[in-house]
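**Q**
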Amino acid sequence: MKKFILCLLASVLLVNIFTACDSKRQPSDTVKWINTTHAILTETNGGDVNLFGGFPKNETNSANAKVLLEEWWGVADRASADKMIEFLMKEGHRTGYVEEMTLLKKDGVFDVSRQEAREYLKSLELDNGTVESYIAAIDAYETHGASAIDAWDYTRALNLLADYYLAGYYTEEEALDKALDIAKELQTFYTSWDEMVESYLTGYAYWSGKDPKDPSTEAFKRRKIYEKLKSGSNNPYAVDWNTTLEKTW
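Sequence positions in the sequence shown follow mature numbering (1 follows the signal peptide of the UniProt record, and there is no 0) and run -20 to -1, 1 to 229.
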C-alpha cells in the first residue's frame, strides 16, 4: 500500500513537472501575437517564431544579440536601446517616407502614368531597382496615405525589444511590457495580418531601394517567406489578428 502511494505521488509529481514545462514552452496568445509581428525576420535569421527573442536565452545567444545590435543599430547599452525605440516610435523611416511622397506629389509624379513616373525617377539618376521601390512606395501612398509603411517601423521596434531581452538590456518582463503597448497601437492600424505584412514589406522595399518584384532581391524573398510561413504546419499567423492583447507574464 505504501509503495503504491509513493508511486502515485511520483506520477503526480512528474505530471506537474511536464505540465509546467509545457506551459513554459507554449506562449500565450498575446506573446504569440507579438512574436508574429516580426516572424518574417525571425525566420530569415533561422530563429524560432514561437519563442520570444527567437532563440533560447543563454550566454552564446546573448553575446550574438549584443554584437548584432551594435553592428546594425548602434545599440550597445540600455540608454542607446531606449533611444532607438524612441526614434522608431516617434520618427522611424515613415517620417522621411511621407516627406518624399509629399515632394513627389508636388512635382506631379502622382498625376502621370506609372511609366512617366519611372522616366522622371530615372532622370534623377536612380538605378532601376530604386526606381521600382519608389513606384511601389507611390502605389502604397495612394492607397494608404501617410500610414502606408507604419508597420515597417513598429514591427522593427517589437523585434528590437525581443533582442534587448536576449542581450540582457531589458528583463523579459520589461521587454514584453513595452512590446504590449506598441502591439496594441499597431493592432489598431490594420484589420489583418495580410494588411500589416504588406505595410512592412513596402517599408522594407522602400528602405532597401530594391525592386520588390525582382526574385533576386531580399524584398521579394521576404514575401516568399511570409507565404511559406502561412502555408506551413507551424503557421504563426494562425493567431487571430483581433486577439485581445493583455499582460499574461
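Ideal Cβ placement from N, Cα and C applies to all residues, glycine included. This one's a predicted model, so the numbers in the text were calculated from it and none came from an experiment.
State yes or no: is the C-beta of Y77 within less than 9 Å of the C-beta of Y186?
**A** The residue you call residue 77 lines up with position 97 of the sequence shown. The residue you call residue 186 lines up with position 206 of the sequence shown. The answer is yes: Cβ separation under 9 Å.
**Q** Within the continuous alpha helix (DSSP H) that includes A19, where are the two ends?
**A** The residue given as residue 19 occupies position 39 in the sequence shown. A19 to T24 is the span of the alpha helix (DSSP H), which, as asked, contains A19.
**Q** Within 8 Å, do at least three Cβ pairs link the segment 126 to 140 to the segment 92 to 107?
**A** Not touching, per the Cβ criterion.
**Q** When you compare each of L160, G189, E198 and F169 to W13 by their alpha carbons, which one comes out closest?
**A** The residue labelled residue 13 in the question sits at position 33 within the sequence shown. That would be L160, whose Cα lies nearest to the Cα of W13.
**Q** Rounded to whole angstroms, how far is the Cβ of G183 from the Cβ of I118, which I believe are closer than 8 Å?
**A** The residue labelled residue 183 in the question sits at position 203 within the sequence shown. The residue labelled residue 118 in the question sits at position 138 within the sequence shown. Actually they are not in contact, since the Cβ atoms of G183 and I118 sit about 14 Å apart, beyond 8 Å.
**Q** My output table needs one value for T171: the three-state DSSP class, helix, strand or coil.
**A** Taking the first residue of the sequence shown as position 1, residue 171 is located at position 191. Correct three-state label for T171: coil.
**Q** Where E80 and S179 are concerned, what is the direct C-alpha to C-alpha distance, given to the nearest angstrom?
**A** Position 100 of the sequence shown, counting from 1, holds the residue named residue 80. Position 199 of the sequence shown, counting from 1, holds the residue named residue 179. Roughly 17 Å separates the two Cα atoms.
**Q** Alpha carbons only, please: which of K201, G33 and T24 is nearest the one belonging to Y149?
**A** Start at 1 with the first residue of the sequence shown, and residue 149 comes out as number 169. Looking at the Cα atoms, G33 is the closest of the given residues.
**Q** Spatial neighbours of D220 within its chain, please: CB distance less than 6 Å, with the 5 preceding and 5 following residues excluded, ordered by chain position.
**A** Numbered from its first residue, the sequence shown carries residue 220 at position 240. The answer is none, since no qualifying residue turns up.
**Q** Among the residues of its own chain, which have a CB less than 6 Å from the CB of N139, if the five just before and after it don't count?
**A** Along the sequence shown, one-based indexing puts residue 139 at 159. Within the same chain, N139 has close Cβ partners H18 and L21.
**Q** Please determine, among R94, S103, E165 and W229, the residue with the shortest C-alpha to C-alpha distance to T151.
**A** Counted from its first residue, the sequence shown places residue 151 at position 171. Nearest of R94, S103, E165 and W229 to T151, Cα basis: W229.
**Q** Note down, one range per segment and in chain order, each alpha helix (DSSP H) of at least 4 residues found wholly within the segment 117 to 192.
**A** Complete alpha helix (DSSP H) runs here, min 4: 130 to 147, 152 to 167 and 173 to 188.
**Q** Just the C-alpha distance for K204 and A155, rounded to the nearest angstrom, thanks.
**A** By 1-based counting over the sequence shown, the position of residue 204 is 224. By 1-based counting over the sequence shown, the position of residue 155 is 175. K204 and A155: Cα-Cα distance of roughly 29 Å.
**Q** Measuring alpha carbon to alpha carbon, tell me which residue in I65, A56 and L209 is nearest G26.
**A** Your numbering for residue 26 matches position 46 in the sequence shown. The shortest C-alpha separation from G26 is found at L209.
**Q** Hey, could you find the ends of the alpha helix (DSSP H) A82 is sitting in?
**A** Residue numbering aside, residue 82 sits at position 102 when the sequence shown is read from its first letter. Contrary to the premise, residue 82 reads as Thr rather than Ala in this sequence. From DSSP, the alpha helix (DSSP H) with T82 extends over R74 to K86.
**Q** Please report the distance separating the alpha-carbon of T24 from that of N215.
**A** In the sequence shown, residue 24 corresponds to position 44, counting from 1. In the sequence shown, residue 215 corresponds to position 235, counting from 1. If you take the alpha carbons of T24 and N215, they lie about 15 Å apart.
**Q** Give me the residue from D9, D191, T171 and D174 with the minimum Cα distance to L106.
**A** Walking along the sequence shown from the start, residue 106 turns up at place 126. Ranking D9, D191, T171 and D174 by Cα distance to L106 puts D191 first.
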